[in-house]
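This report refers to the structure that appears directly beneath it.
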Amino acid sequence: MTERIILAIDGGATKTSLLLRTVSGNVIFEKTSSGSNYQTIGAEKVVSVLTNLLLKAYQATNYSKIDCAVFAMAGIDTERDLTTVKQIIETACSNVPFTINNLIVENDVLATLIGLTKGSPGALLISGTGSIAFATDGRETFTRTGGWGHRASDEGSGYFIGREILQTIFRTADGRNTKPTILTELVLKKLEIKSVEQLNSWLYQEQYTNAQTASISSVLPEAIVLEDELAINIAQNAAKELSLLALTTVRKLEIGNTPFTMYLNGGVLKHNPFILAEFEQYTVNVLPNISFTLCNENPITYITDRALYALKT
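Under numbering that gives the first Met the number 0, the residue at position 240 of the sequence shown is numbered 239, and the numbers go up by one with no gaps.
Here it is in C-alpha coordinates:
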(Lines of atoms letter the chains of each structure in order from A and count residues from 1; the text may use other names and numbers.)
(Lines give C-alpha, C1' and ligand atoms only; values in the text may rest on other atoms or scores of the structure.)
Protein backbone atom coordinates (compact mmCIF):
# COMPACT_ATOMS: atom_id res chain seq x y z
CA MET A 1 0.00 0.00 0.00
CA THR A 2 1.38 3.43 -0.96
CA GLU A 3 1.93 5.72 2.01
CA ARG A 4 -0.31 8.76 2.14
CA ILE A 5 1.14 12.15 1.22
CA ILE A 6 0.45 15.51 2.85
CA LEU A 7 1.23 19.02 1.64
CA ALA A 8 1.59 21.94 4.06
CA ILE A 9 1.81 25.58 3.01
CA ASP A 10 2.58 28.37 5.48
CA GLY A 11 1.72 31.58 3.63
CA GLY A 12 2.95 34.58 5.58
CA ALA A 13 3.41 38.24 4.81
CA THR A 14 7.19 37.99 4.32
CA LYS A 15 7.71 34.38 3.22
CA THR A 16 5.85 31.27 2.08
CA SER A 17 7.01 27.79 3.08
CA LEU A 18 6.03 24.51 1.43
CA LEU A 19 6.55 21.02 2.85
CA LEU A 20 5.68 17.75 1.10
CA ARG A 21 6.00 14.63 3.25
CA THR A 22 4.56 11.23 4.07
CA VAL A 23 2.31 10.69 7.07
CA SER A 24 5.13 8.77 8.76
CA GLY A 25 7.38 11.83 8.62
CA ASN A 26 9.56 11.24 5.57
CA VAL A 27 10.22 14.67 4.03
CA ILE A 28 9.94 14.50 0.25
CA PHE A 29 10.38 18.16 -0.67
CA GLU A 30 10.58 21.55 1.02
CA LYS A 31 10.98 25.05 -0.35
CA THR A 32 10.60 28.67 0.75
CA SER A 33 9.56 31.60 -1.41
CA SER A 34 8.40 35.21 -0.98
CA GLY A 35 5.32 36.32 0.95
CA SER A 36 1.77 35.44 -0.06
CA ASN A 37 -0.58 37.70 1.89
CA TYR A 38 -2.98 38.91 -0.80
CA GLN A 39 -3.82 42.00 1.25
CA THR A 40 -0.20 43.06 0.90
CA ILE A 41 0.79 42.04 -2.63
CA GLY A 42 -2.51 41.38 -4.41
CA ALA A 43 -4.23 38.22 -5.62
CA GLU A 44 -2.38 37.92 -8.92
CA LYS A 45 1.04 37.86 -7.29
CA VAL A 46 -0.10 35.30 -4.71
CA VAL A 47 -1.28 33.01 -7.52
CA SER A 48 2.19 33.34 -9.05
CA VAL A 49 4.03 32.62 -5.78
CA LEU A 50 1.92 29.54 -5.02
CA THR A 51 1.98 28.23 -8.59
CA ASN A 52 5.77 28.43 -8.72
CA LEU A 53 6.14 26.65 -5.38
CA LEU A 54 3.71 23.88 -6.34
CA LEU A 55 5.36 23.41 -9.74
CA LYS A 56 8.78 23.08 -8.14
CA ALA A 57 7.40 20.47 -5.74
CA TYR A 58 5.85 18.50 -8.60
CA GLN A 59 8.89 18.73 -10.87
CA ALA A 60 11.26 17.68 -8.09
CA THR A 61 9.21 14.69 -6.92
CA ASN A 62 6.83 13.72 -9.75
CA TYR A 63 4.17 13.03 -7.13
CA SER A 64 0.69 13.78 -8.43
CA LYS A 65 -1.65 12.54 -5.68
CA ILE A 66 -1.90 14.50 -2.42
CA ASP A 67 -4.09 12.98 0.29
CA CYS A 68 -4.39 16.20 2.29
CA ALA A 69 -3.18 19.73 1.59
CA VAL A 70 -3.38 22.53 4.16
CA PHE A 71 -2.89 26.10 2.98
CA ALA A 72 -2.46 28.16 6.16
CA MET A 73 -2.57 31.72 4.89
CA ALA A 74 -2.09 35.14 6.44
CA GLY A 75 -4.68 37.72 5.41
CA ILE A 76 -7.78 35.58 6.05
CA ASP A 77 -9.60 37.82 8.51
CA THR A 78 -13.19 37.76 7.19
CA GLU A 79 -15.48 35.44 5.24
CA ARG A 80 -14.82 37.59 2.20
CA ASP A 81 -11.08 37.08 2.66
CA LEU A 82 -11.60 33.33 2.93
CA THR A 83 -13.59 33.25 -0.31
CA THR A 84 -10.93 35.31 -2.09
CA VAL A 85 -8.03 33.18 -0.85
CA LYS A 86 -9.83 29.94 -1.74
CA GLN A 87 -10.23 31.23 -5.29
CA ILE A 88 -6.54 32.15 -5.40
CA ILE A 89 -5.49 28.70 -4.22
CA GLU A 90 -7.86 26.88 -6.56
CA THR A 91 -6.38 28.86 -9.45
CA ALA A 92 -2.82 28.05 -8.39
CA CYS A 93 -3.63 24.35 -7.94
CA SER A 94 -5.25 24.21 -11.38
CA ASN A 95 -1.89 25.22 -12.86
CA VAL A 96 -0.19 22.12 -11.44
CA PRO A 97 -0.97 18.43 -12.16
CA PHE A 98 -1.72 17.63 -8.52
CA THR A 99 -4.81 15.70 -7.48
CA ILE A 100 -5.71 16.79 -3.94
CA ASN A 101 -8.22 14.60 -2.12
CA ASN A 102 -8.73 16.95 0.84
CA LEU A 103 -7.97 20.65 0.37
CA ILE A 104 -8.07 22.84 3.50
CA VAL A 105 -7.71 26.63 3.37
CA GLU A 106 -7.55 28.41 6.72
CA ASN A 107 -6.23 31.44 8.55
CA ASP A 108 -2.62 30.62 9.46
CA VAL A 109 -3.18 31.09 13.20
CA LEU A 110 -6.31 28.92 13.19
CA ALA A 111 -4.51 26.13 11.32
CA THR A 112 -1.66 26.32 13.83
CA LEU A 113 -4.08 26.10 16.77
CA ILE A 114 -5.78 23.00 15.34
CA GLY A 115 -2.38 21.42 14.73
CA LEU A 116 -1.41 22.10 18.33
CA THR A 117 -4.64 21.06 20.08
CA LYS A 118 -5.66 18.12 17.83
CA GLY A 119 -9.27 18.11 19.00
CA SER A 120 -8.68 19.14 22.63
CA PRO A 121 -9.65 22.45 24.24
CA GLY A 122 -6.90 25.04 24.07
CA ALA A 123 -5.83 28.49 22.96
CA LEU A 124 -3.06 30.16 21.00
CA LEU A 125 -1.73 33.67 21.60
CA ILE A 126 0.69 35.22 19.14
CA SER A 127 2.55 38.46 19.72
CA GLY A 128 5.03 39.32 17.01
CA THR A 129 4.78 42.38 14.80
CA GLY A 130 1.03 42.18 15.51
CA SER A 131 -1.06 40.30 18.07
CA ILE A 132 -3.96 37.85 17.85
CA ALA A 133 -5.53 35.03 19.86
CA PHE A 134 -7.63 31.99 18.94
CA ALA A 135 -9.27 29.41 21.19
CA THR A 136 -11.22 26.18 20.72
CA ASP A 137 -13.44 24.08 22.93
CA GLY A 138 -12.25 20.93 21.17
CA ARG A 139 -15.69 20.48 19.61
CA GLU A 140 -15.24 22.40 16.35
CA THR A 141 -16.07 25.77 17.92
CA PHE A 142 -13.43 28.48 17.58
CA THR A 143 -13.17 32.06 18.78
CA ARG A 144 -10.85 34.85 17.77
CA THR A 145 -9.83 38.09 19.45
CA GLY A 146 -7.57 40.83 18.09
CA GLY A 147 -5.69 40.73 14.83
CA TRP A 148 -7.33 43.92 13.55
CA GLY A 149 -4.06 45.37 12.34
CA HIS A 150 -1.71 48.09 13.57
CA ARG A 151 -3.91 51.02 12.57
CA ALA A 152 -6.58 50.13 15.10
CA SER A 153 -5.38 47.19 17.19
CA ASP A 154 -2.35 44.91 17.76
CA GLU A 155 -2.20 45.72 21.47
CA GLY A 156 0.73 44.11 23.28
CA SER A 157 2.56 43.43 20.02
CA GLY A 158 6.01 44.41 18.82
CA TYR A 159 4.41 47.32 16.98
CA PHE A 160 2.57 48.39 20.14
CA ILE A 161 5.79 48.27 22.16
CA GLY A 162 7.80 50.06 19.48
CA ARG A 163 5.24 52.84 19.27
CA GLU A 164 5.23 53.21 23.06
CA ILE A 165 9.02 53.44 23.07
CA LEU A 166 8.98 56.10 20.35
CA GLN A 167 6.35 58.11 22.20
CA THR A 168 8.44 57.89 25.36
CA ILE A 169 11.54 59.11 23.54
CA PHE A 170 9.78 62.08 21.96
CA ARG A 171 8.01 63.01 25.21
CA THR A 172 11.34 62.88 27.02
CA ALA A 173 12.98 65.05 24.37
CA ASP A 174 10.18 67.60 24.84
CA GLY A 175 10.54 67.56 28.61
CA ARG A 176 7.08 66.07 29.09
CA ASN A 177 8.57 63.08 30.94
CA THR A 178 10.08 64.05 34.27
CA LYS A 179 11.91 60.73 34.64
CA PRO A 180 15.07 59.88 32.68
CA THR A 181 15.16 56.90 30.31
CA ILE A 182 17.85 54.78 28.68
CA LEU A 183 15.48 54.04 25.80
CA THR A 184 16.65 57.03 23.77
CA GLU A 185 20.27 55.92 23.89
CA LEU A 186 19.41 52.31 23.06
CA VAL A 187 17.22 53.17 20.07
CA LEU A 188 19.69 55.66 18.59
CA LYS A 189 22.43 53.04 18.95
CA LYS A 190 20.28 50.37 17.31
CA LEU A 191 19.46 52.58 14.33
CA GLU A 192 23.00 53.98 14.13
CA ILE A 193 21.81 57.57 14.29
CA LYS A 194 22.81 60.40 16.60
CA SER A 195 19.78 62.49 17.49
CA VAL A 196 16.05 62.47 18.15
CA GLU A 197 15.65 64.68 15.08
CA GLN A 198 17.22 61.93 12.96
CA LEU A 199 14.90 59.44 14.62
CA ASN A 200 11.94 61.55 13.52
CA SER A 201 13.26 61.53 9.93
CA TRP A 202 13.71 57.75 10.11
CA LEU A 203 10.14 57.32 11.32
CA TYR A 204 8.62 59.41 8.53
CA GLN A 205 10.71 58.14 5.65
CA GLU A 206 8.86 57.33 2.43
CA GLN A 207 9.48 53.57 2.68
CA TYR A 208 8.10 53.30 6.24
CA THR A 209 6.31 50.11 7.32
CA ASN A 210 4.79 49.08 10.64
CA ALA A 211 7.50 46.40 10.88
CA GLN A 212 10.07 49.17 11.31
CA THR A 213 8.29 50.47 14.39
CA ALA A 214 7.98 46.90 15.67
CA SER A 215 11.73 46.42 15.30
CA ILE A 216 12.30 49.13 17.92
CA SER A 217 10.79 46.79 20.54
CA SER A 218 13.97 44.71 20.56
CA VAL A 219 15.68 47.24 22.86
CA LEU A 220 13.12 46.78 25.65
CA PRO A 221 14.67 43.74 27.42
CA GLU A 222 18.00 45.53 27.89
CA ALA A 223 16.28 48.62 29.26
CA ILE A 224 14.37 46.44 31.73
CA VAL A 225 17.58 44.75 32.90
CA LEU A 226 18.94 48.26 33.50
CA GLU A 227 15.82 48.91 35.62
CA ASP A 228 14.53 51.74 33.46
CA GLU A 229 11.21 52.66 35.05
CA LEU A 230 9.58 53.89 31.85
CA ALA A 231 10.62 50.72 30.00
CA ILE A 232 9.17 48.58 32.79
CA ASN A 233 5.88 50.50 32.52
CA ILE A 234 5.75 49.80 28.78
CA ALA A 235 6.39 46.10 29.37
CA GLN A 236 3.71 45.89 32.06
CA ASN A 237 1.17 47.59 29.80
CA ALA A 238 2.00 45.17 26.97
CA ALA A 239 1.61 42.19 29.32
CA LYS A 240 -1.76 43.47 30.54
CA GLU A 241 -3.01 43.95 26.99
CA LEU A 242 -1.91 40.44 26.00
CA SER A 243 -3.56 38.98 29.09
CA LEU A 244 -6.81 40.77 28.23
CA LEU A 245 -6.56 39.44 24.68
CA ALA A 246 -6.07 35.88 25.94
CA LEU A 247 -8.71 36.01 28.67
CA THR A 248 -11.35 37.48 26.37
CA THR A 249 -10.78 34.72 23.82
CA VAL A 250 -11.08 31.96 26.41
CA ARG A 251 -14.15 33.47 28.09
CA LYS A 252 -16.07 33.35 24.81
CA LEU A 253 -15.91 29.54 24.98
CA GLU A 254 -16.30 29.08 28.73
CA ILE A 255 -13.46 26.54 28.83
CA GLY A 256 -11.59 28.18 31.69
CA ASN A 257 -13.17 26.03 34.44
CA THR A 258 -11.22 22.92 33.40
CA PRO A 259 -7.46 22.50 32.89
CA PHE A 260 -6.31 23.55 29.42
CA THR A 261 -3.18 24.78 27.65
CA MET A 262 -2.54 28.18 26.14
CA TYR A 263 0.19 28.03 23.51
CA LEU A 264 2.37 31.11 23.12
CA ASN A 265 4.22 32.21 20.01
CA GLY A 266 5.90 35.29 18.56
CA GLY A 267 9.02 37.28 19.31
CA VAL A 268 7.52 39.46 22.06
CA LEU A 269 6.70 36.42 24.20
CA LYS A 270 9.83 34.46 23.29
CA HIS A 271 12.40 37.22 23.73
CA ASN A 272 10.97 39.29 26.59
CA PRO A 273 11.12 37.20 29.79
CA PHE A 274 9.73 40.06 31.87
CA ILE A 275 6.66 40.44 29.65
CA LEU A 276 6.15 36.67 29.56
CA ALA A 277 6.29 36.38 33.36
CA GLU A 278 3.97 39.35 33.88
CA PHE A 279 1.51 38.05 31.27
CA GLU A 280 1.41 34.59 32.85
CA GLN A 281 0.86 36.05 36.31
CA TYR A 282 -1.96 38.36 35.20
CA THR A 283 -3.65 35.51 33.34
CA VAL A 284 -3.30 32.75 35.92
CA ASN A 285 -4.72 35.05 38.60
CA VAL A 286 -8.00 34.96 36.67
CA LEU A 287 -7.78 31.43 35.23
CA PRO A 288 -5.93 29.23 37.75
CA ASN A 289 -6.53 26.09 35.64
CA ILE A 290 -4.49 27.40 32.73
CA SER A 291 -1.00 26.20 31.77
CA PHE A 292 1.36 27.76 29.23
CA THR A 293 3.55 26.25 26.52
CA LEU A 294 5.96 28.23 24.34
CA CYS A 295 5.96 27.11 20.70
CA ASN A 296 9.53 26.24 19.73
CA GLU A 297 8.99 24.41 16.45
CA ASN A 298 9.02 25.89 12.97
CA PRO A 299 5.46 27.09 12.09
CA ILE A 300 5.27 24.62 9.17
CA THR A 301 5.48 21.79 11.73
CA TYR A 302 2.16 22.76 13.31
CA ILE A 303 0.52 23.14 9.91
CA THR A 304 1.74 19.66 9.03
CA ASP A 305 0.18 18.43 12.29
CA ARG A 306 -3.05 20.10 11.19
CA ALA A 307 -3.00 18.01 7.99
CA LEU A 308 -2.29 14.83 9.95
CA TYR A 309 -5.21 15.59 12.27
CA ALA A 310 -7.50 16.08 9.27
CA LEU A 311 -6.58 12.63 7.97
CA LYS A 312 -7.54 11.08 11.30
CA THR A 313 -10.95 12.73 11.61
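Cβ atoms here follow ideal geometry from the backbone N, Cα and C, with glycine treated the same way. Here the structure is a predicted model, which is why all the values come from computation and not from measurement.
- A residue is called buried when at least 16 other Cβ atoms come within 10 angstroms of its Cβ; Leu286 meets this threshold and is buried.
- In the DSSP annotation of this structure, the continuous segment of the beta strand (DSSP E) that includes Val69 starts and ends at Cys67 to Met72.
- Residue pairing by DSSP places Ala132 opposite Leu124 and Thr144 in a beta bridge.
- Nearest neighbour of Ala134 by Cα position, chosen from Arg305, Asp76 and Ile113, turns out to be Ile113.
- Inclusion of Ala234 and Phe291 in the CB contact set at 8 Å is not warranted, their separation being larger than that value.
- Nearest neighbour of Ser130 by Cα position, chosen from Asn106, Leu109, Pro120 and Tyr158, turns out to be Tyr158.
- By alpha-carbon distance to Thr83, the top candidate from Ser35, Trp201 and Gln166 is Ser35.
- Membership of Asp80 in the alpha helix (DSSP H) is indicated by the continuous run Glu78 to Ser93.
- DSSP lists Leu124 and Leu293 as the bridge partner or partners of Leu263.
- If you draw a straight line from the Cα of Lys189 to the Cα of Thr180, it comes to about 15 Å.
- Looking at the backbone, the Cα of Ser152 and that of Gly146 are separated by about 7 Å.
- Apart from sequence neighbours up to five positions away, the residues of its chain that approach Asn106 with a beta-carbon distance below 6 Å are Ile75, ordered along the chain.
- Taking a contact to require three or more Cβ pairs closer than 8 Å, the segment 259–266 and the segment 108–128 qualify as touching.
- Following the DSSP letters along the chain, one finds Arg20 inside the beta strand (DSSP E) bounded by residues Lys14 to Thr21.
- Within the same chain, Cβ atoms closer than 6 Å to the Cβ of Gly137 are found at Gly118, Ser119 and Pro120, the five residues on either side in sequence being excluded.
- With respect to the 8 Å criterion, Leu53 and Phe97 are classified as neighbours on the basis of their beta carbons.
- When rounded, the separation of the alpha-carbon atoms in Gly10 and Met72 is 4 Å.
- For Tyr301, the closest C-alpha among the options Ile8, Ser242, Glu2 and Thr1 is that of Ile8.
- Put simply, the backbone Cα of Val218 is about 25 Å away from that of Lys14.
- Using a Cβ distance threshold of 8 Å, Leu252 and Leu124 do not count as a contacting pair.
- Annotation for Phe28: the continuous beta strand (DSSP E) segment containing it runs Val26 to Ser33.
- CA-to-CA, the gap between Leu109 and Ile192 works out to about 40 Å.
- Around the CB of Asp173, fewer than 16 other CB atoms lie within 10 Å, so the residue is classed as exposed.
- With a threshold of 16 other beta carbon atoms within 10 Å, Val224 falls short and is exposed.
- Apart from sequence neighbours up to five positions away, the residues of its chain that approach Ser156 with a beta-carbon distance below 6 Å are Ser126, Gly129 and Ser130, ordered along the chain.
- The residues Asp9, in chain order, have a CB closer than 6 Å to that of Pro298 in the same chain once the five nearest residues on each side in sequence are set aside.
- Under the rule that a run must span 3 or more residues, the beta strand (DSSP E) segments found entirely inside the segment 141–195 read 141–145.
- For Gly10, DSSP records a beta bridge to Thr15 and Met72.
- Looking at the DSSP output, Ile5 sits in a beta bridge with Arg20 and Cys67.
- For Ile254, the secondary structure class from DSSP, reduced to helix, strand or coil, is coil.
- Where Leu286 is concerned, there is no enclosing alpha helix (DSSP H), because DSSP gives it neither an H nor an E.
- Around Val22, the same chain offers Glu2, Arg3, Ile5, Leu307 and Leu310 as residues with beta carbons nearer than 7 Å, after the five sequence neighbours per side are excluded.
- Contact between Ile99 and Ala68 holds, with the beta-carbon distance rounding to 5 Å and staying under 8 Å.
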